[in-house]
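**Q** Sharing a structure, written as structure tokens. Questions coming.
Number of protein chains: 2
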Amino acid sequence: MPDTPRRAGRLPGNRYGNRPTMKDVAARAGVGLKTVSRVVNGEPGVTPETERRVQEAIDALGFRRNDSARVLRKGRTASVGLVLEDLADPFYGPLSRAVEEVARAHGALLINGSSAEDPDREQELVLALCARRVDGLVVIPAGDDHQYLEPEIKAGVATVFVDRPAGRIDADVVLSDNFGGARDGVAHLIAHGHRRIGFIGDMPRIHTAAERLRGYRAAMEDAGIPVKDAWMSLGVTDPERVRRAAEEMLAGPDPVTAVFAGNNRVTVTVIRVLAEHARSVALVGFDDIELADLLQPGVTVVAQDAAALGRTAAERLFRQLDGTLLAPDRIELPTRLITRGSGELPPAD
Amino acid sequence: MPDTPRRAGRLPGNRYGNRPTMKDVAARAGVGLKTVSRVVNGEPGVTPETERRVQEAIDALGFRRNDSARVLRKGRTASVGLVLEDLADPFYGPLSRAVEEVARAHGALLINGSSAEDPDREQELVLALCARRVDGLVVIPAGDDHQYLEPEIKAGVATVFVDRPAGRIDADVVLSDNFGGARDGVAHLIAHGHRRIGFIGDMPRIHTAAERLRGYRAAMEDAGIPVKDAWMSLGVTDPERVRRAAEEMLAGPDPVTAVFAGNNRVTVTVIRVLAEHARSVALVGFDDIELADLLQPGVTVVAQDAAALGRTAAERLFRQLDGTLLAPDRIELPTRLITRGSGELPPAD
DNA sequence: TAGAGCCTGGACAACGTTGTCAGGTCCAGG
DNA sequence: CCTGGACCTGACAACGTTGTCCAGGCTCTA
Chain Y
1 MPDTPRRAGR LPGNRYGNRP TMKDVAARAG VGLKTVSRVV NGEPGVTPET
51 ERRVQEAIDA LGFRRNDSAR VLRKGRTASV GLVLEDLADP FYGPLSRAVE
101 EVARAHGALL INGSSAEDPD REQELVLALC ARRVDGLVVI PAGDDHQYLE
151 PEIKAGVATV FVDRPAGRID ADVVLSDNFG GARDGVAHLI AHGHRRIGFI
201 GDMPRIHTAA ERLRGYRAAM EDAGIPVKDA WMSLGVTDPE RVRRAAEEML
251 AGPDPVTAVF AGNNRVTVTV IRVLAEHARS VALVGFDDIE LADLLQPGVT
301 VVAQDAAALG RTAAERLFRQ LDGTLLAPDR IELPTRLITR GSGELPPAD
Chain X
350 MPDTPRRAGR LPGNRYGNRP TMKDVAARAG VGLKTVSRVV NGEPGVTPET
400 ERRVQEAIDA LGFRRNDSAR VLRKGRTASV GLVLEDLADP FYGPLSRAVE
450 EVARAHGALL INGSSAEDPD REQELVLALC ARRVDGLVVI PAGDDHQYLE
500 PEIKAGVATV FVDRPAGRID ADVVLSDNFG GARDGVAHLI AHGHRRIGFI
550 GDMPRIHTAA ERLRGYRAAM EDAGIPVKDA WMSLGVTDPE RVRRAAEEML
600 AGPDPVTAVF AGNNRVTVTV IRVLAEHARS VALVGFDDIE LADLLQPGVT
650 VVAQDAAALG RTAAERLFRQ LDGTLLAPDR IELPTRLITR GSGELPPAD
């Protein structure tokens, strides 16, 4: 009979592919279980000679500590979860990376998931992460009711919301100044002589979209310009519909001479439409986009710092875990207007 | 005396913030431990009435199953790891998202980490993921020796390498046709009359960079054009140095009339340099970039499908886990030349 | 009405690790 | 030679879950 594998006959044998455990290492090194544990964790109180023998057995068997068991015993997973809308969106890449860097500095791994802007999927993801007992959560909300998180937060899961505030729950939030940024961007167009300014943005149920719309309205009101419904297009985000919305604004009886685009995806489509348009139309977009400076004209944008959002949120998260953070707070990061040409075009009527 | 918390006196009380366990739920519902387990896992053999009582207790206590314990018992974590270079790079966002979608379809979560192109950090990340007993790994290698993974793979961790092949180990690999893509791109420039063509790429120790360089050389050789050292710049990736390299090629005694850019970051910088350059210079870049069609001229690129890379790799990973996949294989996905203007400019000498 | 068979529920061990604690060895000092 | 302390080492329980197995109560049929 060949070597009988450990646990033979008890399981098909594919449990972790039959990995060696500390017990196996201990047997091979001729020491106690706990001594192996000590060596693996670099705890003091082991003779160099013993340590050498254990280390040898570890290498020979290819032992790797099972963190699931460790977590079960210790209660901390050294991992944090990040739930965002879509990792493929260039806005979230740097944000995610920033969270990862902070986590790494604290010795934690990052688990992330995309909600695809679906509240149910967000909840499903968040709860799955809680079941894994992540130490903390950074969430970019898709839904607007986060009461389902209350038991988790009570149970000690550190939580920070980013980019959009949480709904019906008191928690840390890190936001960009969407209102101020949009207001400044629109005011910039007004300062360059525009009065008929269009706004194309996402569904107002998304907080950022609503705030930017509010900024648009505020700037118009400050300048004493009445806003026409035909100048506003809300809830529009896929390229086809943005295109149609932009074309309608440009063609109506009261055509706009400038457009404020509510996010990076809208901006890109609007650029395409304007490129085909005969009359010159000014444009300011929310969110910076790569190569914006190389287009003709350069694209003027209200830029937010995605990496700073992620970093700030993650740092708050770990301060919650340290216990150095007291009450939940709302932090707002400033935006920056970057003028490159498209926002400085004069009205062409 | 107020309600004494469970485990009072044993621990500071912050272990998972004292979350309820199945035992607690069982006690509250007045049933046995295993019955709670059955309800939580939707196993048959529980009366509706009992199930209701248990469910009530679960809701009241805010119970959430501890997946660490579950994993320890079951041996599968339902999570896969993804190690890539930099999540903030727009090339990796869609790739990561594609892996996530496939994982999600298989009920698994995605843990990902950025190696920052550092082999040590790659190994550290991979081993940390193995310690968490991820079921599988998708790795975009930073280093060129992956023997350290051998015990893990033997132990049953499914593994697929993407974008670059693994070093010194036999494993599944999913690649783009870097050689063919680069050769076609350069041949395209040659077909438009260019003979002095520059190449700017990353360090040849990176497989993709080496393959693209090889494609460049092959195309030149096929056309019988001797390549001058001054036309090639390798290992250059930060904007400052790419800029200098490009300027030198354009200014030398034998100035290039066209440039092949080895990756998206190089392309972007070269575009900037060319925009300031008096003479018209043709450009083909490897990797597509957003808005490439809106520049003047549009940027001709060799596009690879990042999402397809991720999807293909993840699908192979789960086929390994199903056991339906046999021997390790090497899959090469085609690239696509997208002509937009910059690659069709005639030589300007 | 008794026995067979089915359904529901619970006791118990095991997963691999770490914290606690006690035993054992070795040496210095009395 | 004995005592005490410092230092190593290992036995054991516990973390929260799931798989196995058995007990008890029910229904149905002969």
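Same order as they appear, the protein sequences are chains Y and X. Note that the numbering used here gives residue 300 to position 300 of the first sequence, counting from 1, and the numbers run on in steps of one. Take the position in the second sequence, starting the count at 1, then add 349; the result is the number in the numbering used here. Every residue gets a Cβ at the ideal spot worked out from N, C-alpha and C, and that includes glycine.
So which residues on chain Y does X/Q404 lean against when the C-beta distance must stay under 7 Å?
**A** Simply none; closest approach about 15 Å.
**Q** Name the chain Y residues that come within less than 9 Å of X/I638, Cβ to Cβ?
**A** What X/I638 touches in chain Y: E290, L291.
**Q** Which residues in the same chain as X/D352 place their Cβ atom closer than 7 Å to its Cβ, once the five residues preceding and following it in sequence are excluded?
**A** Confidence in X/D352 is poor, its pLDDT being 31 and thus under 50, which makes the residue's placement unreliable; the coordinate value appears in the next sentence. Excluding sequence neighbours, X/D352 sits near nothing in its chain.
**Q** Please return the same chain residues whose Cβ sits closer than 7 Å to the Cβ of Y/P119, not counting the five positions on each side in sequence.
**A** So the list reads A142, G143, once near-sequence residues are dropped.
**Q** If I follow the unbroken beta strand (DSSP E) through Y/N178, where does it start and stop?
**A** Per DSSP, Y/N178 belongs to no beta strand (DSSP E); it is in the alpha helix (DSSP H), 178-191.
**Q** Which residues in the same chain as Y/L61 place their Cβ atom closer than 8 Å to its Cβ, once the five residues preceding and following it in sequence are excluded?
**A** Contacts found: P20, D24, V25, R28.
**Q** Grab me the residues of X/P683's own chain with a C-beta within less than 7 Å of its C-beta, minus the 5 sequence neighbours each way, in chain order.
**A** Here the set comprises D526.
**Q** Use the C-beta contact count for X/S417: other C-beta atoms within 10 angstroms, 16 or more gives buried, fewer gives exposed.
**A** Counting Cβ neighbours within 10 Å, X/S417 comes out buried, since at least 16 surround it.
**Q** Alpha carbon to alpha carbon, how far is Y/V281 from X/F667?
**A** The straight-line gap from Cα to Cα measures roughly 51 Å.
**Q** Since Y/A103 and Y/L95 should fall inside the 8 Å C-beta cutoff, what is the C-beta to C-beta distance between them, to a whole number of angstroms?
**A** Their Cβ separation, rounded to whole angstroms, is 13 Å, which puts Y/A103 and Y/L95 out of contact at 8 Å.
**Q** Closer than 9 Å between beta carbons: that is the criterion. Which residues of the region 601-629 of chain X meet it against chain Y?
**A** Going along the region 601-629 of chain X in chain order, one finds V617, I620, R621, A624 with a Cβ nearer than 9 Å to chain Y.
**Q** Just the C-alpha distance for X/I638 and X/V648, rounded to the nearest angstrom, thanks.
**A** Cα to Cα, X/I638 sits roughly 9 Å from X/V648.
**Q** Examine chain Y for any beta-carbon lying closer than 8 Å to the beta-carbon of X/L524, and answer yes or no.
**A** Chain Y, which has no Cβ nearer than 8 Å to the Cβ of X/L524, makes this no.
**Q** With distances taken Cα to Cα, identify the nearest neighbour of Y/E124 among Y/A223, Y/L84, Y/A209.
**A** Comparing Cα-Cα distances from Y/E124 to each of Y/A223, Y/L84, Y/A209, the minimum goes to Y/L84.
**Q** Output the distance between the C-alpha atoms of X/L486 and Y/D349, rounded to the nearest integer angstrom.
**A** C-alpha separation (whole angstroms): 59 Å.
**Q** Go through its chain and collect everything with a Cβ distance to X/D636's Cβ below 8 Å, but skip five positions before and after it.
**A** Closer than 8 Å at the Cβ level, and outside the excluded window around X/D636, lie F440, N612, N613, T616, V650, V651, A652, Q653.
**Q** Go through the region 56-93 of chain Y residue by residue and report every complete run of the alpha helix (DSSP H) that reaches 4 residues or more, in order.
**A** Here the runs fully enclosed are 67-74.
**Q** Where does Y/I271 fall in DSSP's three states?
**A** Three-state result, Y/I271: helix.
**Q** For the region 579-596 of chain X against the region 542-549 of chain X, are there 3 or more C-beta pairs whose distance is under 8 Å?
**A** Yes: at least three Cβ pairs fall under 8 Å.
**Q** Is the beta carbon of Y/L294 less than 8 Å from the beta carbon of X/L644?
**A** Contact: yes.
**Q** Can you pull the chain X neighbours of Y/G343, defined as C-beta to C-beta under 9 Å?
**A** The premise fails here: Y/G343 is roughly 17 Å from chain X at the closest Cβ pair, so nothing lies under 9 Å.
**Q** Cutting at 6 Å between CB atoms, please list the residues of its own chain near Y/R316, excluding the five before and the five after it.
**A** So the qualifying residues of the chain are V160, D172.
**Q** In three-state DSSP terms, what is X/V483?
**A** DSSP places X/V483 in coil when its eight states are reduced to three.
**Q** Mind checking if Y/A348 is an interface residue toward chain X, Cβ cutoff 8 Å exclusive?
**A** So, not an interface residue.
**Q** Cβ of Y/S115 less than 8 Å from any chain X Cβ?
**A** Cβ-Cβ to chain X under 8 Å: no for Y/S115.
**Q** What does X/R592 reach in chain Y if we use C-beta pairs closer than 9 Å?
**A** The premise fails here: X/R592 is roughly 14 Å from chain Y at the closest Cβ pair, so nothing lies under 9 Å.
**Q** Between Y/L337 and the rest of its own chain, which residues show a CB-CB distance below 7 Å, the 5 nearest in sequence each way excluded?
**A** So the qualifying residues of the chain are D184, G185, H188, V302.
**Q** If contact means a Cβ-Cβ distance below 7 Å, which residues of the region 396-422 of chain X contact chain Y?
**A** Within the region 396-422 of chain X, the residues whose Cβ lies closer than 7 Å to some Cβ of chain Y are G411, R413, R414, N415, D416, S417, A418, V420, L421, listed in chain order.
**Q** Excluding five sequence neighbours on each side, which residues of the same chain lie with their C-beta closer than 6 Å to the C-beta of X/L360?
**A** Bear in mind that the predicted position of X/L360 carries a pLDDT of just 30, short of 50, making it too unreliable to give a figure here.
**Q** Using 8 Å for Cβ pairs, my map puts Y/R164 next to Y/H207. What's the rounded Cβ distance?
**A** Between Y/H207 and Y/R164 the Cβ distance is about 4 Å, and since that is below 8 Å, they are a contact.
**Q** What are the residues that DSSP puts in a beta bridge with Y/S233?
**A** In the DSSP output, where bridge partners are listed per residue, Y/S233 has Y/I200.
**Q** Where does Y/Q320 land, buried or exposed, given buried means 16+ other C-beta within 10 angstroms?
**A** Under this definition Y/Q320 is a buried residue.
**Q** So the candidates are Y/H277, Y/V273, Y/A131, Y/M22; which of them puts its Cα closest to the Cα of X/S428?
**A** Among Y/H277, Y/V273, Y/A131, Y/M22, the Cα nearest to that of X/S428 is on Y/A131.
**Q** Please confirm if X/A480 has its CB atom under 8 Å from at least one CB of chain Y.
**A** Taking Cβ atoms only, chain Y reaches closer than 8 Å to X/A480, which makes this a yes.
**Q** Whose C-beta lies closer than 6 Å to the C-beta of X/A607 among residues of the same chain, with five residues either side of it excluded?
**A** Taken in chain order, the residues that qualify are L538, H543, I546, A631.
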